[in-house]
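So the protein sequences, as listed, match chains W and B. First residue of the first sequence? That's 487 in this note's numbering, and the numbers climb one at a time after it. First residue of the second sequence? That's 5 in this note's numbering, and the numbers climb one at a time after it. Below is one structure, written out as structure tokens; the observations come after it.
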Amino acid sequence: MNIESTISATYNWCQFTPAFALVGLAALLLMADTFLPKVPKRLYAFIGAAGAFLAAYFMAKAPHFNTFGFLACFSTGLCLLLAFDYKAISCASIGGEGNEEGTGEFYALPLVACAGILCLTQAKDLIMLFVSLEVITLTSYVLTGYFRRNQGSIEAGIKYLVLGALSTGLLVFGAAWYFGMSGSFSLDTDVIASALRGGVAGTATVAVGFLMAVALLFAGAFFKVGAAPMHVWIPDVYQGAPTPTTAWLAVASKTAGFAMLCALVVPFVPLAIPGTNLGNIFICTFSLVAAATLLIGNLGALRQNNAKRLLGYSSIGQAGFIMVFFLNLNGALEFLVSQYLLAYTLATVGAFYAIAMVRTQRGSEEIAAFRGLGKSNPRTAFLITVCMASLAGVPLTMGFLVKMYSFIALVGAVQYTSCLYWLLGIMIICAAAGFYYYFKMIRAMYWDKAQPEDKPLCVPVSTGIVLSLCTLALIILGTLPLLVSFQ
Amino acid sequence: MIPLAHYLILSGILFSIGLAGVLIRKNIVVVFMCLEMMLSAANVALVAFSRAQGTQGIPVYDAQVLSLFITAIAAAEVAIGLALIVAMFRSRRSVESTALNTLKD
Numbered sequence: 487m488n489i490e491s492t493i494s495a496t497y498n499w500c501q502f503t504p505a506f507a508l509v510g511l512a513a514l515l516l517m518a519d520t521f522l523p524k525v526p527k528r529l530y531a532f533i534g535a536a537g538a539f540l541a542a543y544f545m546a547k548a549p550h551f552n553t554f555g556f557l558a559c560f561s562t563g564l565c566l567l568l569a570f571d572y573k574a575i576s577c578a579s580i581g582g583e584g585n586e587e588g589t590g591e592f593y594a595l596p597l598v599a600c601a602g603i604l605c606l607t608q609a610k611d612l613i614m615l616f617v618s619l620e621v622i623t624l625t626s627y628v629l630t631g632y633f634r635r636n637q638g639s640i641e642a643g644i645k646y647l648v649l650g651a652l653s654t655g656l657l658v659f660g661a662a663w664y665f666g667m668s669g670s671f672s673l674d675t676d677v678i679a680s681a682l683r684g685g686v687a688g689t690a691t692v693a694v695g696f697l698m699a700v701a702l703l704f705a706g707a708f709f710k711v712g713a714a715p716m717h718v719w720i721p722d723v724y725q726g727a728p729t730p731t732t733a734w735l736a737v738a739s740k741t742a743g744f745a746m747l748c749a750l751v752v753p754f755v756p757l758a759i760p761g762t763n764l765g766n767i768f769i770c771t772f773s774l775v776a777a778a779t780l781l782i783g784n785l786g787a788l789r790q791n792n793a794k795r796l797l798g799y800s801s802i803g804q805a806g807f808i809m810v811f812f813l814n815l816n817g818a819l820e821f822l823v824s825q826y827l828l829a830y831t832l833a834t835v836g837a838f839y840a841i842a843m844v845r846t847q848r849g850s851e852e853i854a855a856f857r858g859l860g861k862s863n864p865r866t867a868f869l870i871t872v873c874m875a876s877l878a879g880v881p882l883t884m885g886f887l888v889k890m891y892s893f894i895a896l897v898g899a900v901q902y903t904s905c906l907y908w909l910l911g912i913m914i915i916c917a918a919a920g921f922y923y924y925f926k927m928i929r930a931m932y933w934d935k936a937q938p939e940d941k942p943l944c945v946p947v948s949t950g951i952v953l954s955l956c957t958l959a960l961i962i963l964g965t966l967p968l969l970v971s972f973q
Numbered sequence: 005m006i007p008l009a010h011y012l013i014l015s016g017i018l019f020s021i022g023l024a025g026v027l028i029r030k031n032i033v034v035v036f037m038c039l040e041m042m043l044s045a046a047n048v049a050l051v052a053f054s055r056a057q058g059t060q061g062i063p064v065y066d067a068q069v070l071s072l073f074i075t076a077i078a079a080a081e082v083a084i085g086l087a088l089i090v091a092m093f094r095s096r097r098s099v100e101s102t103a104l105n106t107l108k109d
């Protein structure tokens, strides 16, 4: 079989059109950055956001709806809008006030990374998976360390790069052994089943080596989603990175991680039947990882005072709730995961818009900087409250519904493996802990006294629009299913 | 003809040295070198496997393609890493990982 037919048997060029379009747009923006120095740079953010939303729109209309890709485009667009809103944030530490020299890439790179996510969601073999993953990771290193005069940004960039490269090393070593044991890079159930039987010769060492390879691959995916043993980078990187980048890492990069995890898990679904040997290994690994992720994320968040760091721990905790879906492989895995991610994305993006607004106008990212917003900006405070309530899982918001689905998935898994009840206890503790730390921000807004020098925040237009739309979507998507099912 | 196992042992040793270096060493430039070593370990394993999986002396080229991609991506990673290290040295006058102490709980 020649190369041409091998590729077209696995991939269809048409499915990569949005990715090509996004890369083309990014290249255009980079060219414009060089040749049109007079154009204000934030215009690029606006054009980039428009491009990302357009890509999301066309993907929603495509015959095969790519949920993760849609989410990635949508959240990249929102994060670029955030960068558009806060020129001060985006070019503060590059060349001092007012100098926009060399800030163009900051708006073009998220588009490249978004194209990487789109390719990742369609990967059917490890080469595609690896290369598109690296497109995402390399751009996020650059975006994280972008403020090269800011101590926190550089430190976050280096920490992310070292730990990220470590996970890449694990991933490629896993890929090498996957190929060595199965003779193919294809993520296909038949290939996996044959390797687990010990290949053509049926030797036990092949099966063991293959399991090691798969474990290394999962380690790489766990790094991207921030699941327990590989979560250490998240708090530091989230705190140090520029706010639009943090928002992007929290939503789009998390989506990429779960897309990758799904791509790795889905071929195993017919093989990992509860009760079989492989099924037990699966359930055991994922329940331990989910439990550790939940505990570290939610308990670690309790004592945080920096809002970005708090959202970092929150993103670990929420990833723990998503990991629970992987215990029950019979359900519509991708649908449940992307539904949870949608709720998480809407609320988290809202929170980051609020943080960026407070950061630029009060000069602090501490939770205490939200003091008195309930009095001075009652409407904005209400919108932030809804976002936080949704993250915590208050009923009538989408966050509650998706958290409930996570509990339902666990109960479904308990039917097959009755020794999972302990995880239910951990989930309840963690959901309760969530109420404490998300409500810290709400408490600061409504109960803390405003300082005399505090002025009411002036809300930029796009912040107002995005926050209101996110809140509206959270409430509508949180209440509508109840109304429909009670009729 | 050298058997496959020898290549795999070599690659395993390279990988372990790299991993240990990343975990132990304090100098970030050395940490980067160790990370590159981990990627090279994967390359050695890939090329060895590509020979071993082949039939009639023709290797399976998929694995070699991946090892080319790994080389390219490792180069890009080093470019970004060195840029960050230079920026770090300018602001902190140190490339030790102990100097990375701004962000912590």
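Glycine is no exception: its CB is placed at the ideal position from the N, C-alpha and C atoms. Note that the structure is a prediction, hence the values are computed from the model and not measured.
Bounding residues of the alpha helix (DSSP H) (the contiguous stretch that carries residue 742 of chain W): 740–751
Per-residue contacts from residue 851 of chain W into chain B (C-beta, under 9 Å): Those do not exist, as residue 851 of chain W stays about 12 Å from chain B at its closest Cβ, beyond 9 Å.
Output yes if chain B places a C-beta closer than 7 Å to the C-beta of residue 651 of chain W; else output no. Residue 651 of chain W counts as touching chain B.
Helix, strand or coil at residue 934 of chain W according to DSSP, with G and I counted as helix: coil
Is residue 669 of chain W close to chain B? Criterion is C-beta to C-beta, closer than 7 Å. yes
Residue 924 of chain W beta carbon less than 7 Å from that of residue 959 of chain W: No. Outside cutoff.
is_contact[residue 155 of chain B, chain W] using C-beta, thresh 7 Å: An answer regarding residue 155 of chain B cannot be provided, because it is not within the stretch 5 to 109 covered by chain B.
Could you please tell me which residues of the stretch 42–55 of chain B, in chain order, have their CB closer than 7 Å to any CB of chain W? Within the stretch 42–55 of chain B, the qualifying residues are 42, 43, 45, 46, 49, 50, 53.
Buried or exposed: where does residue 97 of chain B fall if 16 or more other Cβ atoms within 10 Å of its Cβ makes it buried? With fewer than 16 Cβ atoms within 10 Å of its Cβ, residue 97 of chain B is classed as exposed.
What does residue 441 of chain W touch in chain B if you count any residue whose Cβ is under 7 Å from its own? Shown here, chain W extends from 487 to 973; a query on residue 441 of chain W therefore has no answer.
Please return the same chain residues whose Cβ sits closer than 8 Å to the Cβ of residue 940 of chain W, not counting the five positions on each side in sequence. Excluding sequence neighbours, residue 940 of chain W sits near 848, 857, 858, 862.
CB contact flag (residue 710 of chain W, residue 746 of chain W, <7 Å): yes
Give every residue of the same chain whose Cβ lies closer than 8 Å to the Cβ of residue 509 of chain W, excluding the five residues on either side of it in the sequence, and list them in chain order. 597, 598, 601
C-beta neighbour in chain W for residue 60 of chain B, strict 7 Å: no
Quick one, are the C-beta atoms of residue 593 of chain W and residue 728 of chain W less than 7 Å apart? no
Decide if the stretch 739–758 of chain W is in contact with the stretch 780–787 of chain W; the criterion is three or more beta carbon pairs, one per stretch, under 8 Å apart. Touching, no, given that fewer than three Cβ pairs across the two stretches are closer than 8 Å.
Measuring alpha carbon to alpha carbon, tell me which of W:913, W:499, W:951, W:880 ends up nearest residue 892 of chain W. Nearest Cα to residue 892 of chain W within the set W:913, W:499, W:951, W:880: W:913.
Going along the stretch 598–624 of chain W in order, which residues come within less than 8 Å of chain B, judged by CB to CB distance? Result list: 612, 613, 616, 617, 620, 624.
Just the Cα atoms here: how many angstroms apart are residue 656 of chain W and residue 866 of chain W? Residue 656 of chain W and residue 866 of chain W: Cα-Cα distance of roughly 44 Å.
Of all the CB atoms in chain W, is at least one closer than 7 Å to the CB of residue 70 of chain B? yes
For residue 672 of chain W, which of helix, strand or coil comes out of DSSP? strand
contact_flag[the stretch 941–953 of chain W, the stretch 7–22 of chain B] where n(CB pairs < 8 Å) is 3 or more: no
Using 7 Å as the threshold, is the C-beta distance between residue 565 of chain W and residue 829 of chain W below it? No.
Have a look at residue 735 of chain W and residue 742 of chain W and give me their C-alpha separation to the nearest angstrom. Approximately 10 Å, taken between the alpha carbons.
For residue 3 of chain B, would you say it is in contact with chain W, using Cβ-to-Cβ distances shorter than 7 Å as the test? Residue numbering for chain B in the displayed model covers 5 to 109; residue 3 of chain B lies beyond these limits and cannot be assessed.
Can you list the residues of chain W that residue 3 of chain B reaches, using a CB-CB cut of under 7 Å? Here chain B comprises residues numbered 5 to 109, so residue 3 of chain B is not present and cannot be evaluated.
Residue 599 of chain W (DSSP reduced to helix, strand or coil): Here residue 599 of chain W sits in helix by DSSP.
Between the C-alpha atoms of residue 876 of chain W and residue 902 of chain W, what's the straight-line distance to the nearest angstrom? 31 Å
Using CA coordinates, which residue listed in W:850, W:591, W:499, W:817 is at the minimum distance from residue 899 of chain W? Closest option to residue 899 of chain W, Cα to Cα, is W:817.
For a test of the three-state rule: what should DSSP assign to residue 792 of chain W, helix, strand or coil? strand
Would you call residue 582 of chain W buried or exposed, if buried means 16 or more other Cβ atoms sit within 10 Å of its Cβ? Reliability fails at residue 582 of chain W, whose pLDDT of 49 lies under 50, so the model's placement of it is uncertain and no value is given.
Is the distance from the Cβ of residue 73 of chain B to the Cβ of residue 45 of chain B below 7 Å? no
Measuring only the C-alpha atoms, how far is residue 571 of chain W from residue 528 of chain W? One C-alpha to the other measures close to 8 Å.
Residue from W:654, W:836, W:809 with nearest C-alpha to residue 895 of chain W: W:809
Determine the chain D residues that contact residue 662 of chain W at a beta-carbon separation under 7 Å, and present them in chain order. The structure shown contains no chain D; the protein chains it does contain are W and B.
Answer with yes or no whether the minimum CB distance from residue 18 of chain B to chain W is below 7 Å. no
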